[in-house]
Every structure is written in structure tokens, then in C-alpha cells.
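These protein sequences, in sequence, are chains A and B. Per this note's numbering, residue 12 is the first one in the first sequence, and the count goes up by one each step. Per this note's numbering, residue 4 is the first one in the second sequence, and the count goes up by one each step. By construction, the Cβ of each residue, glycine as well, lies at the ideal position given by its N, Cα and C atoms. Structure first, commentary second.
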Amino acid sequence: MSWLDAARSRARLFLSRRASESRTDEEFRFHLDMETDRLVRDAGLSRDAARRRALAAFGGVQNHRETMREGRGLAWLTGMSLDLKLGGRMLVKYPGLTLIGGLAMAFGIWFGAVTFQMFGMITTTKLPLPGGERIVRVEVWDSKALHEEDRTLYDYQLWRSARSLTDLGAYRDAGANLVGADGGAKPEKAAEITASAFRIAPARPLLGRVLDESDERAGAAPVVLLGHDVWTNRFDRDPRIVGRSVQIGNAFATVVGVMPEGYAFPISHELWLPLRTDVPGLEPLQGGAITVFGRLAPGMTFERAQAEFAALGKRLAAEYPATHAQLQPHVLPYTQMSVNDTDMKAMMGLTYFFVVALMVIVCSTVALLLFARAATRETEILVRSALGASRRRIVAQLFAEALVLAGVATVVGLAAAQLTLTIWGKPYLEMAWGAQLPFWIDFTLSPTAIGYALALAVIGAVVAGVMPARKITRGLGTRLRAGTAGGGVSFGGVWTAVIVTQVALTVTFPAVVMLVRGESKRVASYDAGFPTQEYLGVTLGVDDGQDETLTPETRAALDTRIRTALEALRARLEAEPGVAGVTFVDGLPGGDGHKARRAEVVSLPAIRPRWVAIASADPSYFDVLNAPPLSGRTFSRADLAPNIRVVVVDQGFVDLVMGGRNPVGHRVRLVTGQAVDSNAASLPTYEIVGVVKELGMANAAMPQREAGVYLPAAPGSQGSLEMIVRARADPLSIAPRVRELAMVIDPAIRVEQITRLDQVTTPLLWLLGLWTKIIIGLTVVALVLSLAGIYAVLSYTVARRTREIGVRVALGASARRVITSVFKRPLTQVALGVIAGIVLIIVAATVAGKTTQFEGTGMGVMTLRDVALLVGYAILMVGVCTLACVVPTLRVLRVQPTEALRAE
Amino acid sequence: MAIRPQTDALRGSLDLLVLKTLSLAPMHGWGISQRVQQISDGVLEVNQGSLYPALQRLEKDGLITSDWGTTDNNRRARYYRITASGRKALGSELESWRRFAAGLEAVLRTS
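Pasting the structure below:
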């Protein structure tokens, strides 16, 4: 076991550094004492003389100690701590470099940590619950329609027999108006959920009890469990709330308990109602959407659970080929968004690569600065080398200096990252998702994000420290022998490439800023075709009876009731003095709520089918929006009859689909799905009865025009429901009245959101604004770095050529000639950078012009104004870069031949 | 390049001497130096201290171990002891040393 012995003693020696030192001292002392004693005893020397001889025989104590230290493999450690101290001193000695280099590195680390953390939060599989990594979700994937199939209540009945999962349960979102202690009704984020949820995510209720299985049985008394915030904000923390009956929508339920603060399972819910899952006589794909969750049984793996559910899926597919042939259940980690997350992973990989690339570019410039500094310290390095320092030793020293800088940058970068996440992270994600964030999203920097930042810092230190160190120590021996300090080091092709890249980026980023700002402007000036600032968009929710236990009669009664309530709401609102009109539609103009269908003009088969945007609008829609027909007619109430199939199209449809032909009288078929359905021919056709102007059927985020098709619909007959109110004065002033009336008329109508129609694009503008800020930040960093790089190289060149310049001046060279010779190189580099940047922009613009986002926006075609802007910017860049040359130039002009010749 | 083999040979022989000494009995550094001095006829005469890096090296290689102990006159000292792998190494080192010495002897005899 020799290697084991060796490893053990090595580890002991390495770990007990201090103990080893004192052990060495004690052994040496013992040895010298014993030898002295022997010499006194055997050679009859005096104690002093004996001591002297013992010391002489022992050899240099310090020398032996050093040899032993080296033997312990700790020499590098001692050396490293010294190098780090020296690095710290260098930070103070060169504050300009510390500031610029440190900030640049901090920027890279900040960017890396923030993106890593954001992706980590979105893709995390960790749940802050006991055994969270074993909690799963079962998703059914429709391989034909390529989306999730969530009407799985029937499948759920069968899944309950699965042995690989325990505590199998399900929930569904159940937005509901809750009437609070003050009598006001407000929607709360509610979930209908099975009792097993409280075993998956256990928590002691603050008051009362959680839901249990008896609450789910048919005929059980309706109960509700309140979240902490609901209890606090709506019931003033009433301690006697348990047992009281509260109104939810149009039903009443008894409060059984209050959950502790922060409890939000399954996603971000605040109100829990029992979910009945054993519905007699349920057919496949019947019933509302549910999400199924569970926990891996002890000893089970994801793979085995997946195998069992795949088998169950096959069984259902064999039994019900009509509905289940293309459905496959998948067992996923609870937090995974979708079975199909390869896109996300690819994007993640790309981003991480981009961050590392950014760090390398940033640190290359820092390397340039450190190189210039090291070059001015060439004499010191030569002396160290002459005193016996190996090349490795010198490289290690310069690496340590970069590491200290990177260390400081890491602290700054991570602090800034945490701040950014706290301030912008939450609104960013909420806006990107358009929903409240799940309870497991945590904005505190995770250990892995910190680890990633540290790795970036080390990469940065290697690029910024080792690269220049290797270059400067090349051929040290030759220089030592030749006895020349200056002139041995020069800036090679790598540095030229670094500066050129930097300048190119500095030129490119503003173009990106211009692009994003252009997008912002376009979105901000989005024309919906009517004065949006006079309109209020009210997103309504209605209890649509997705409860499977309702009889068809009850459901029909509920539908009638909702429709009557909506009509009543319209009538009451129109009677208000501030209201000029009320109408309903299923997607707000300019928003992204419009459905897409493929339109085939059946009466003109030569026309290529095209994707169009669909809206289901109340017959009053065009009147309220003040859009009279351009030809034909708009809807009347008679068009709501079930056997009448008419549509109104917009001018976009005329131009994009009909090629300018008058569409009135033609028939159109609207096809769903990815491919043309085989049974498309059996779908009904609609007669186009009129044309209106474009009324915001295109999503404000997209630059293209859209073809719009309107179907007549009575309010409440469609899934999503938006009410549009035209106001006589400021629309927002009538918002409270809208809420009030809705509640009075029917608690089953929930007012979920109220926006002025010109503010539909506000979240998008916020996002674009944030990106503009980030890119401006990038530009500033790139600009500062290029300037610092050019300055460093030039100062170094001037310092190195002082003697030569002196000689040239002494020989009568004019100042102009001297400056030209010094300037030629940096100017060439800047010029190359600017050209590279412009080429990059043109290539990017051409490529972007071919993508769908910028299709038809003229992105690929540069206007004269764009070209002028770019050229102007390029001139500005050259000017600014020239500024970086001012100080070194003044230094050149101040060179006195006599001094210069004496300089070395 | 001319100096290195000599140093290696010296170092090799010192290692061998230390291992040989410790194979007889555990001993502290000064004791080893006295013993090596005796049997080597002065390899360490000038530089007793160089024994300690050698001891450290052998310990690092797992050929010997060390522990604190007390001498006859009640002083604290570090005692070195040969390990099983040390004994094995000593065996093979001795073997190769003998072969080397025999070869050298043969060469010297012919010249």
C-alpha cells in the first residue's frame, strides 16, 4: 500500500503547514543540542566552541528549512500569497488601471451572474419543499398538434392505479371573485385542488385545518381554505374566520382554515377549493383542464415512473384510438415547464457561450492594459530573472496580479448582480411570463451562479494575466545576455486584433441601440386605427362552469345567466354620463390575444391560403370603435343567429390576401392546426359581407401588417372576454365605476384587469427600454475599454521609443513627421475596427432583413439617413480615439533630445 | 549535465543509508546522522542538515514514518521508523546497488 502511505503523509505534510514549520525548528534544535553535547563530551570543547562547530557541521539552517518547505510542495503557496499581496499593492499604485480594468471585468461578471441566475431560476428543478426533487408533474403531449393536452381528468382516474407515484393529485386554476369582509368582490388566484397537495407540500395551517379527502366527495359541504394574504387583506386577520361562510363567485363556502405566510402551492395561489375528480360517467378528453402532480414512490426513479406512465398511455391509446392515439403521458420534474424544452436548453447554451466570449473579449483588453504596465516594469522583471526567478515564477506573479484585480471585480460584479436581480429581475420575469411568479423562484444569487461568476473571474485572470506574462517573458534569457532592457517587447498581432475587435464592437453596439430604439418608437407609435387613448380595455373573467359535476341543464342556465349579466352590465355602463359606448371582443386591439387561422378563399382557388388573425366581436364593435364599413356592411344582431355564417374583413385582408380585389361576396374557409386538415373541406365557409379599416389586429410587437377577419359573437359565448368602453373624458376615471357595477350586477363576473387601450404596449416598451439600457451599458464599457487600450499601447510605444524620438528630433526631424510615425499604428487599428464594425452592421442588417421579425421593414435596405448616421458615428469614433492619443502625443512633443539620450 | 548524476548518486546513497539504518531500529535524526557518519565514512561530514530534507522526502514517499518520542535522557525527539514499503524499497535498492557496485568493480578490475 505504498501509494496509500505516500498519499497519507503528503496530505499530512500539506495540511499541517504551520505544524510542519515548528516541527522542523524543534528537530533542528534537538539535533544541534545533541551535537553540541557530543562535542563537549567527546572533543573536550567549550560549550560556545562546540555550538559553533555543530552549526558549521549542520550547514545553513535557513537553507535546509527552505529545501524542506519546497519539499512539502508549499513553496508555490508561500510565493502565491506574496504575489497576491504584491497584486493588492499594484491595485493601489495604478488606480486608473484598477478602475477601468476592474470595472470592465466586473461588468462581465455582473452580466454572467445575472443571466446564469435568471436561467437557473427558470430551469431549476429544485422545489423548496421536503423531498422537492422527487415531486413530479404528469404532462400529456399531443404529438400531432404539438401542444400539451390538459383535459386529462379521465386519464387521471386510471393513473391513480400507478405504483411509481404516490400522493397523486391534481389542480386547476379557478379564478373567482371573493367577497371580503367589507362586502367588496375582487378576483383572487384560486386553485381547485385535491387534498393530496397538502401531503406533497405540507404546512401547518395558521388557523383551522387544510382540505382533506372528505371535502371532495359528492354532496360534501362546500369549503374553502384561505391564504395568508387573503386573510390579512380581505378579512382583516379575523381570528374567528374559521367556520364562517364566505361568498366566492355566486356560491358560498365555509372557511376551514388559513395557511401560513408564503404558502402558494401549486404555483402562486392564495385560495384553495376542493377538486372533485371522481366524476361518474366521464368520457375521455371531457372535463376542464387539470394539472396532475405526484411524488416518486420510495425506490422509484424518473425513468421507471416514465416507463409505467408510457405503458398506461399505450393502454388508453389502444382503448380509445380516436382520442388517445397521439397522446403520450410524460413524467417531468414538477418545475419543468414543458416536455419539449430543447429550445430553452439551446438558448441557454448559446447565452453561456456568449457570456464567456464577452468575458474573453473584455479581459483581452484588460490584458492589453496589464501588458503595457508589465512592459514598463520590464527592468524589474529582468532583474528578478537575473536573480534566479524562473519564467514560470514570473508568469505566476503576473497571473496573481490579474487574479487580485479579478477578485475585486468579482465582489463588485456579484454585488451589482444581486442588486439588479432584486430591482429588475422580478418585474422582468413577471412581464416576460405575463403572470405572477411561481413560489419557488428565488432571486438570491444561488451558489452555482456564484460558482459560475468565480469561474468567469478565473478565466478573466488567465486571459488578462497569463497571456501578457507569457509574451513579456519570452526570450528573457536572450535579453539578459544582450543586456538590453527596452525594445525587446512589442505589441504583436494579437493585440492589434484585440483593439480592432473592441473598436468594431464599439461601432456595432450603437447600431443595435438604434435598432432597439427604432422598435420602441415603432411600438410606441403603434396605430390601432382609432383613438386608443379614449378607450378602456376591461379583461373580464366569468365562471364558465368547467366543473364536470354540473348537469347540462345547470350549465345552460349558467350560460344564460352570464349573458344576461353582461348585457345588464353593458346597459348600466351605457347609461353612465361619462360613457359613449360599450362593446365586447375576445382580444384587445394591438394585443397578442388574437387567434390565428389559415384563410382559404374558396370562391377564388387561385389565391394562396394565408394565416390571418381572427377576432370574435359583438355586432356593436365597429360602431363603438367608430369604424364605418369601407364597402359592404358591418354586423347586425341578426348575424348572431346560429345558421348565419358571415364575416367582416379588414383592409389588411384586402391587400394581403385578396391582392387588392374587392372581397365582398366571396366565401372564405378558416382552418385550424399546423397542417391543412384532411377534413378541412367539410369545415363551413363564411361569406365576406364587408370591409373595415385596420383596427389593431396586428400585434404591436410585430412590424408586419396583418390580415384580419371578424366573426360575429354574442358576449360570453367565447373563451376569453374583453369589454371595450369608450369614454367621453379620461377613460381611467370610469374604471372604479366599472368594477363597482360588475360586482353589483353579478359576482360571477370578475374584473381582472383594466387598461387604457393606448397602454396595451406599456410592458413591451418597458422590456425594450431595459434592453436599450443594457446595450448602452455594453457600448460604454466597450468604448472605455477601446480608449484605455489605445491609450495604453500608445503611451507604451512612446515610452519605449523616447530615445529614438530624441535622436530623430536631434537630427532635425519635424514634429509632424515624428507624430505621424507614432500615430500610424493606432490610427490604422481604429480605422480597421470601424470598417470591420460597419461591415458587421451591414451583414447583420442584411441577415435580419431576411428574418420574419424584420421582414418587409426595409431592415435589409439601408436608407441614406442610416448610412449618414453610421459614417458620422465612425468619424466620431476616430475623433474620440484620437483623444486617447493626446496625452502620449504631448509627451512626444516634450521629448528633449539631450534628456532622451541620457534616459538609458 | 555533468553534475546531475553525481548529486543523484549522492542522494541515492544517502537514502539507502538512511533506510538501512532505520531497518535496524527506529531512530531520531541526530542518531541517524551519527550512524550514517559512522558507516559512510563521512558522506554527511560537511552538511548534517541535508539529512532532514532526505528524511522528509522518504516520509513523503511513504518509505518511513515518524512520531514524537522521548530519548534516554528524557528529551522530546522525532523518531523515524521504516514502513513495509520502505523495507521493500530497501531490498530492491540494495539489490541494484550491489549489481551497480559489482559492475563498477568489474570495470575497475579490467582497467
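Any C-beta of chain B under 8 Å from that of residue i
{"i": "A:GLU441", "result": "no"}
{"i": "A:GLY70", "result": "yes"}
{"i": "A:GLY82", "result": "yes"}
{"i": "A:GLU46", "result": "yes"}
{"i": "A:ARG34", "result": "yes"}
{"i": "A:THR78", "result": "yes"}
Contacting residues, own chain, Cβ-Cβ under 7 Å from residue i (five flanking each side not counted)
{"i": "A:LEU781", "result": "TRP435 and TYR439"}
{"i": "A:VAL660", "result": "PRO674, ILE699, VAL702, GLY719 and VAL720"}
{"i": "A:ALA336", "result": "ALA328"}
{"i": "A:LEU778", "result": "MET442"}
{"i": "A:ARG481", "result": "VAL406"}
{"i": "A:ALA686", "result": "Confidence at A:ALA686 is low in this model, with a pLDDT of 47, below 50, so its placement is unreliable and no value can be given for it."}
Anticipated Cβ contact below 8 Å, residue i with residue j, distance rounded
{"i": "A:SER207", "j": "A:PHE450", "result": "A:SER207 to A:PHE450, Cβ: 18 Å. No contact."}
{"i": "A:THR288", "j": "A:THR163", "result": "About 11 Å; that fails the 8 Å criterion."}
{"i": "A:ALA738", "j": "A:VAL593", "result": "That belief does not hold up - the Cβ atoms of A:ALA738 and A:VAL593 are roughly 10 Å apart, past 8 Å."}
{"i": "A:TYR165", "j": "A:PRO295", "result": "5 Å"}
{"i": "A:ALA420", "j": "A:GLY113", "result": "5 Å"}
{"i": "A:TYR463", "j": "A:ALA115", "result": "Actually they do not touch by this definition, with Cβ atoms about 18 Å apart."}
{"i": "A:VAL527", "j": "A:ILE853", "result": "The pair is not a contact, with the Cβ atoms about 18 Å apart (cut-off 8 Å)."}
{"i": "A:ASN637", "j": "A:PHE541", "result": "6 Å"}
{"i": "A:TYR546", "j": "A:PRO747", "result": "With a Cβ gap of about 17 Å, A:TYR546 and A:PRO747 do not count as contacting."}
{"i": "A:ASP178", "j": "A:ARG306", "result": "5 Å"}
{"i": "A:SER256", "j": "A:THR243", "result": "20 Å between Cβ atoms; not a contact."}
{"i": "A:TYR807", "j": "A:THR387", "result": "7 Å"}
Within-8 Å CB hit, residue i to chain A
{"i": "B:TRP100", "result": "no"}
{"i": "B:SER53", "result": "yes"}
{"i": "B:PRO56", "result": "yes"}
{"i": "B:SER81", "result": "Here residue 81 of chain B is Arg; the residue named in the question, Ser, does not match the sequence. Judged by the 8 Å Cβ criterion, B:ARG81 is in contact with chain A."}
{"i": "B:GLY72", "result": "no"}
{"i": "B:ASN77", "result": "no"}
Residue i - containing beta strand (DSSP E), residue span
{"i": "A:PRO285", "result": "282–285"}
{"i": "A:LEU822", "result": "Per DSSP, A:LEU822 belongs to no beta strand (DSSP E) and is neither H nor E."}
{"i": "A:HIS341", "result": "338–344"}
{"i": "A:ASN74", "result": "Per DSSP, A:ASN74 belongs to no beta strand (DSSP E); it is in the alpha helix (DSSP H), 72–82."}
{"i": "A:ASP161", "result": "Run containing A:ASP161: none; DSSP gives neither H nor E here."}
Residues of its chain near residue i, where Cβ-Cβ distance is below 8 Å and the 5 sequence neighbours each way are ignored
{"i": "B:ALA57", "result": "ARG14, LEU17, ASP18 and VAL21"}
{"i": "A:TYR105", "result": "ARG384"}
{"i": "A:VAL3", "result": "Residue 3 of chain A is absent from the model: chain A starts at 12 and stops at 915."}
Nonlocal neighbours in the same chain, by C-beta distance under 6 Å from residue i, ignoring five residues either side
{"i": "A:GLY604", "result": "GLY598"}
{"i": "A:THR543", "result": "LEU768 and ASP769"}
{"i": "A:ASP629", "result": "THR594, PHE595 and PRO726"}
{"i": "A:GLY471", "result": "MET116, MET370, CYS374 and ALA417"}
{"i": "A:ALA724", "result": "SER627"}
{"i": "A:VAL423", "result": "ALA117"}
{"i": "A:GLY848", "result": "ALA515, VAL518 and THR519"}
Backbone secondary structure at residue i - three-state DSSP
{"i": "A:GLU37", "result": "helix"}
{"i": "A:ALA275", "result": "coil"}
{"i": "A:ASP59", "result": "helix"}
{"i": "A:THR155", "result": "Here residue 155 of chain A turns out to be Lys, not Thr, going by the sequence shown. Here A:LYS155 sits in coil by DSSP."}
{"i": "B:ARG79", "result": "strand"}
{"i": "A:ARG902", "result": "helix"}
{"i": "A:GLY497", "result": "Since pLDDT at A:GLY497 reaches only 48, below the 50 mark, its modelled position is unreliable, and the value read off the structure follows with that caveat. If DSSP states are grouped into helix, strand and coil, A:GLY497 belongs with coil."}
{"i": "A:GLU441", "result": "helix"}
{"i": "A:SER642", "result": "strand"}
{"i": "A:PHE263", "result": "strand"}
{"i": "A:ARG210", "result": "helix"}
{"i": "A:LYS325", "result": "helix"}
{"i": "A:LEU179", "result": "strand"}
Extent of the continuous alpha helix (DSSP H) run through residue i
{"i": "A:GLN513", "result": "504–535"}
{"i": "A:TYR697", "result": "Segment 696–703 is the beta strand (DSSP E) holding A:TYR697; no alpha helix (DSSP H) there."}
{"i": "A:GLY131", "result": "106–134"}
{"i": "A:HIS239", "result": "239–246"}
{"i": "A:MET754", "result": "746–756"}
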